Amino acid sequence: KAGVTQTPRYLIKTRGQQVTLSCSPISGHRSVSWYQQTPGQGLQFLFEYFSETQRNKGNFPGRFSGRQFSNSRSEMNVSTLELGDSALYLCASSSIAGTYNEQFFGPGTRLTVL
Amino acid sequence: KQEVTQIPAALSVPEGENLVLNCSFTDSAIYNLQWFRQDPGKGLTSLLLIQSSQREQTSGRLNASLDKSSGRSTLYIAASQPGDSATYLCAPKLTENTGFQKLVFGTGTRLLVSP
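Sequence order for the protein chains is A and B. Residues 1 to 114, numbered by the working numbering, are exactly what the first sequence covers, in order. Residues 1001 to 1115, numbered by the working numbering, are exactly what the second sequence covers, in order.
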């Protein structure tokens, strides 16, 4: 079974631009979560989607948004990029949204904002 | 605020040693806890998942224990190998004020196993 895939793997943008990242979960998984990882803040939760609905959202500004499609694939969008948005963005999937399910992570998208 | 602390922050050992990584969390009302490893610049690989009703889980040379009442988990690595070199992350699943759950990550333990 294929794992979680994320595209693109690397991105370079300039301040003020916007960016869209994509995540394809493991086949059959319906829950997708996004995380931001930086050296200073570590891994922080962005949001979780299940059945095309946002279930939970972390403490990030409204410039960070996401959506999930009917095939469970998810996209994350960051508008008006800032230097501090440079990070590794990780996507994770689990079979259902719930308290007891294991999360599986993708390889991440490395975003650099110049 | 939910906090997850991992000790030590870094560890360097010769090959063959048994070692213990520690994780503590402030909120004892966890649902499960996952241990991950992360290689430099890569994603996270799930190593073990312990449900809140369990005391430990084993996979190969890895054994993870959970003590909810004291807010602690340990990851035991037996007979360490150079290939075990990575950052190890502990992540309990905790409940937020919204009533939803999310993984809260520790800052990790960076492990180097030398031949």
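Beta carbons: idealized from backbone N, C-alpha and C, even for Gly. Quick caveat, the model's predicted, so the values are computed rather than measured.
Residue of the options minimising C-alpha distance to residue i
| i | options | result |
| --- | --- | --- |
| B/A1009 | B/G1106, B/Q1101, B/P1115, B/L1049 | B/G1106 |
| B/V1113 | B/T1098, B/L1066, B/G1083, B/S1069 | B/G1083 |
| B/A1079 | B/G1043, B/G1016, B/K1102 | B/G1016 |
| B/E1003 | B/R1110, B/T1098, B/K1093 | B/K1093 |
Beta-carbon gap between residue i and residue j smaller than 7 Å
| i | j | result |
| --- | --- | --- |
| A/L11 | A/Y89 | no |
| A/E52 | A/S33 | no |
| B/T1095 | B/V1020 | no |
| A/L46 | A/Q36 | yes |
| B/S1028 | B/F1036 | no |
| A/S94 | A/Q103 | yes |
| B/G1108 | A/P107 | no |
| A/N56 | B/F1025 | no |
Through-space distance from residue j to residue i, alpha-carbon basis
| i | j | result |
| --- | --- | --- |
| A/F60 | A/G66 | 12 Å |
| B/Q1081 | B/P1115 | 8 Å |
Cβ separation of residue i and residue j, assumed to be a contact under 8 Å, to the nearest whole Å
| i | j | result |
| --- | --- | --- |
| B/A1091 | B/D1039 | Not quite, the Cβ-Cβ distance comes to about 17 Å (not below 8 Å), so this is no contact. |
| B/N1032 | B/Q1051 | 5 Å |
| A/S79 | A/Q18 | 4 Å |
| A/R110 | A/R9 | 7 Å |
Residue i: contacting residues in chain B (beta-carbon distance under 8 Å)
| i | result |
| --- | --- |
| A/P107 | K1042, G1043 |
| A/F69 | Those within 8 Å of A/F69 in chain B number zero; the least Cβ separation is about 21 Å. |
Under 7 Å by beta carbon: chain A residues contacting residue i
| i | result |
| --- | --- |
| B/T1098 | N56 |
| B/L1049 | E102 |
Chain-ordered chain A contacts of residue i [CB-CB under 9 Å]
| i | result |
| --- | --- |
| B/K1117 | No statement about residue 1117 of chain B is possible, as the shown extent of chain B runs from 1001 to 1115 and does not include it. |
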